[in-house]
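Put into structure tokens, the structure is as follows:
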């Protein structure tokens with residue numbers, strides 16, 4: 004797979020709030036910059052624990068992570084991050100993961116937490132033409148969660164592939180194809196009411212790596228790194 008066009012932070016192809024939950028709207032709340040948003044006052048302990056687990060997760064070194072502005076109006080509390088799979092100066096795939104929390108519970112979620120994601124990458128033409136591609140991409144998500152032994156409910160999402168053909172002054176550009184996975188699911192809550200968000204983030208990073216075409220990481224790989232990785236200015 005070639006590099007994904009653009010970055011989530013540039014506003015092109017980012018997750019809008021109606022799509023983020025696959026139609027599952029949150030109950031009030033306000034977002035904020037710097038990764039986390041809340042409805043005012045101290046966030047509840049389960050949400051704080053879930054966010055700390057995300058911040059302490061360990062991922063492959065090819066996956067660079069930054070905090071992102073948390074969405075507004077989806078839930079009383081939210082935390083967001085963006086990631087890119089990087090090979091030298093090339094971005095192979097990028098994505099966004101959002102943690103939502105409504106202490107009162109949410110009927111559509113059937114729980115108090117919800118994880119929402121967008122993952123995208125460019126495709127080789129022969130791969131883009133495969134009629135089974137959407138089913139395969141969805142199985143990458145469910146398979147990544149299953150491989151980590153994670154229990155979850157109410158999964159929903161879409162897999163979209165798009166092709167761009169250039170004409171006129173842009174005719175020198177080769178045709179390009181892109182895959183986009185939007186999904187959400189309800190993680191099972193553990194002791195203290197917080198889900199194992201670190202494990203869910205690790206599974207999500209497995210999906211991101213697979214979409215990017217990276218080989219699977221070895222179990223117990225010592226090359227994994229601790230979040231967050233701060234990216235400096237890079238020319239890509």
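In this note's numbering, the protein residues as written are 4 to 239.
Every residue, glycine too, gets a C-beta built ideally from N, C-alpha and C.
Note that the structure is predicted; figures quoted are calculated from it, not measured.
Under 8 angstroms between C-beta atoms of residue i and residue j
i, j, result
"residue 98", "residue 126", "no"
"residue 119", "residue 180", "no"
"residue 78", "residue 88", "no"
"residue 65", "residue 143", "no"
"residue 84", "residue 57", "yes"
"residue 154", "residue 191", "yes"
"residue 161", "residue 185", "yes"
"residue 68", "residue 86", "yes"
"residue 163", "residue 114", "no"
Which listed residue (the options) has its alpha carbon closest to that of residue i
i, options, result
"residue 49", "211, 193 and 91", "193"
"residue 106", "208, 206 and 196", "196"
"residue 205", "71, 115, 148 and 183", "148"
"residue 100", "156, 175, 70 and 63", "70"
"residue 63", "109, 90 and 51", "90"
"residue 165", "158, 172, 137 and 157", "137"
"residue 201", "46, 47 and 53", "53"
"residue 109", "67, 157, 141 and 151", "157"
"residue 140", "183, 59 and 170", "183"
"residue 132", "59, 178 and 217", "178"
"residue 60", "169, 203 and 215", "203"
Burial state of residue i (16 or more Cβ within 10 Å)
i, result
"residue 219", "exposed"
"residue 167", "exposed"
"residue 135", "exposed"
"residue 37", "Residue placement at residue 37 cannot be trusted, given a pLDDT of 42 that sits under 50; the coordinates are not used to answer."
"residue 45", "exposed"
"residue 210", "buried"
"residue 208", "buried"
"residue 73", "buried"
"residue 215", "buried"
"residue 150", "exposed"
"residue 29", "Residue placement at residue 29 is flagged as unreliable, the pLDDT there being 36, under the threshold of 50; a coordinate-derived value is accordingly withheld."
Bridge partners - residue i, DSSP secondary structure assignment
i, result
"residue 99", "85 and 121"
"residue 189", "156"
"residue 183", "123 and 163"
"residue 109", "114"
"residue 80", "104"
"residue 70", "84"
"residue 93", "90"
Residue i (DSSP reduced to helix, strand or coil)
i, result
"residue 201", "helix"
"residue 64", "coil"
"residue 135", "coil"
"residue 50", "helix"
"residue 59", "coil"
"residue 212", "helix"
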